[in-house]
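**Q** What follows is a single structure, and I will ask about it in a moment.
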Amino acid sequence: MRVVTALIAAVAVVGIAAGCGSSSSTTSGGSGSDDLGLITPGTLTIGSDIPYPPFEQGSPPDYTGFDVDLMDAIAQKLDLKPKWVDTAFGTIFADQQAGKFDIVASSTTITPERQQRVTFSDPYFDADQSLMVQKGSDLQSTDDITSSTRIGVQQGTTGADYATNKTDAQVQSYPEIGNAFNALQAGQVDGVINDFAVSAFALKKYPQLDVVQTITTGEQYGFPMQQQNTALQDAVNGALQDVIDDGTYEKIFEQWFTEKPPKEFLPSS
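The sequence shown begins at 0 in numbering that gives the first Met the number 0 and counts up by one.
Here it is as structure tokens:
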């Protein structure tokens with residue numbers, strides 16, 4: 000649920016409601032991939048801030064995670080070879096606009112601000128924020144946050160936006176969410192506001208921490224692309240719908256979250 004303030008260009012607003020695009024727009028690789036405006040024909044170059052488990056993790060070239068497995072499945076539908084490029088989330092939209100990769104797969108929330116800079120795919124994941132604290136902390140909800148409360152966040156995320164705009168906390172930003180978790184463990188901050196799925200997964204590594212509140216924000220993740228590349232957007236939306244319809248999405252989701260995905264991401268038949 001890594002998420003930042005953003006707003007895909009109004010001209011490219013797609014599927015911010017639940018559900019994905021029609022599979023009729025799926026484009027295969029080979030000579031057809033030349034029409035997708037790719038950096039390298041036949042290769043889908045993907046930008047991602049790694050690690051951000053369970054969505055992105057591992058070491059090159061053996062990356063894995065929900066986003067990785069899903070984007071690899073989409074690339075396969077398009078007959079394209081995925082090429083992953085690790086990049087900092089704080090600069091990921093600038094790097095996208097500069098043409099360093101064709102698409103971003105990095106737990107990126109669709110927001111109006113971001114839509115001004117990039118074009119998103121249809122949504123592929125429903126997300127919320129969360130409050131993580133040390134076990135036994137008096138801080139049990141955002142209602143307990145005061146001007147003396149130190150809250151850790153990852154730079155450029157919607158969690159950072161929430162902490163800054165919705166609370167009175169002293170916000171301390173970190174380049175990677177793991178730095179914020181480490182700071183909380185060391186008592187350098189009082190809490191961390193971050194995507195729920197990521198913070199919940201982190202408890203396996205940080206058993207002395209606890210997620211005490213789910214902050215309902217109704218966020219959805221999408222895959223950002225350059226605004227003008229509507230051909231790639233249409234192809235990705237079609238391939239995403241294909242992996243939902245054939246049950247691939249469901250299998251990947253259950254692998255990483257050990258539960259069924261929301262209804263809108265289940266095969267319709």
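Glycine is no exception: its CB is placed at the ideal position from the N, C-alpha and C atoms.
In terms of alpha-carbon separation, which member of A72, K82, L231 and M70 lies closest to P59?
**A** Nearest C-alpha to P59: K82.
**Q** Alpha carbon to alpha carbon, what distance is there between A72 and I45?
**A** Cα to Cα, the separation comes out at about 13 Å.
**Q** Are V211 and L265 close, meaning C-beta to C-beta below 8 Å?
**A** Contact: no.
**Q** Taking the straight line between their C-alpha atoms, what separation do you get for Y161 and D125?
**A** Using only the alpha carbons, I get a separation of about 17 Å.
**Q** Taking a contact to mean a Cβ-Cβ separation below 8 Å, would you say Q154 touches P174 in this structure?
**A** In contact: Q154 and P174 (Cβ atoms closer than 8 Å).
**Q** Do you know offhand how far L35's Cα is from Q226's?
**A** Between L35 and Q226, the C-alpha separation is close to 13 Å.
**Q** What first and last residue would you give for the beta strand (DSSP E) that runs through F124?
**A** Unbroken beta strand (DSSP E) run through F124: F124 to Q133.
**Q** Taking its Cβ as the centre, do 16 or more other Cβ atoms sit within 10 Å of P223, making it buried, or is it exposed?
**A** Burial call: buried.
**Q** Name the residue from T86, E249 and D66 whose alpha carbon lies nearest to the alpha carbon of T108.
**A** Considering only alpha carbons, the answer is D66.
**Q** Can you tell me the Cα-Cα spacing of M70 and Y51, whole angstroms?
**A** Going by the C-alpha atoms only, they are around 15 Å apart.
**Q** Over the uninterrupted beta strand (DSSP E) stretch that includes D209, give me the two end residues.
**A** Its beta strand (DSSP E) spans residues L208 to Y220.
**Q** What does the Cβ neighbour count give for S53, buried or exposed, with the cut at 16 atoms within 10 Å?
**A** First, the residue type needs correcting, since residue 53 is Pro and not Ser in the sequence shown. Buried.
**Q** From A238, G237, D127 and D209, pick the residue whose C-alpha is nearest to that of Q283; which is it?
**A** No answer is possible for residue 283: it lies beyond the span of the chain, which begins at 0 and ends at 268.
**Q** Counting along the chain, where does the beta strand (DSSP E) carrying L231 start and finish?
**A** Looking at the DSSP string, L231 is not in any beta strand (DSSP E); the run it does join, the alpha helix (DSSP H), is T229 to D244.
**Q** According to the neighbour-count rule (16 or more other Cβ atoms, all chains shown, within 10 Å of its Cβ), is T257 buried or exposed?
**A** The residue is exposed, with fewer than 16 neighbouring Cβ atoms inside 10 Å.
**Q** With a Cβ-Cβ cutoff of 8 Å, do S146 and V235 count as a contact?
**A** No, these two residues do not count as a Cβ contact at 8 Å.
**Q** In three-state terms, what does DSSP make of S172?
**A** In this structure, S172 counts as strand in the three-state DSSP scheme.
**Q** Per the DSSP calculation, I330 is bridged to which residue(s)?
**A** Past the boundaries of the shown model lies residue 330; the chain is included only from 0 to 268, so the question cannot be answered.
**Q** Drop a sphere of 10 angstroms on the beta-carbon of N193, count the other beta-carbons inside from all chains shown, and report buried for 16 or more, exposed for fewer.
**A** Its Cβ being crowded by 16 or more others within 10 Å, N193 is buried.
**Q** Along the chain, where does the beta strand (DSSP E) containing S47 start, and where does it finish?
**A** Residues T42 to S47.
**Q** In or out: T213 buried (at least 16 other Cβ within 10 Å) or exposed?
**A** With fewer than 16 Cβ atoms within 10 Å of its Cβ, T213 is classed as exposed.
**Q** First and last residue of the beta strand (DSSP E) that includes S198?
**A** Careful: S198 lies outside any beta strand (DSSP E), inside the alpha helix (DSSP H) at F195 to A201.
**Q** Going by CA-CA distance only, name the one from A179, T247 and D142 that's closest to T166.
**A** The candidate whose alpha carbon is nearest that of T166 is D142.
**Q** In whole angstroms, what is the alpha-carbon distance linking L77 and D127?
**A** C-alpha separation (whole angstroms): 30 Å.
**Q** Please say whether I150 and G190 have beta carbons closer to each other than 8 Å?
**A** Yes, Cβ-Cβ distance for G190 and I150 is below 8 Å.
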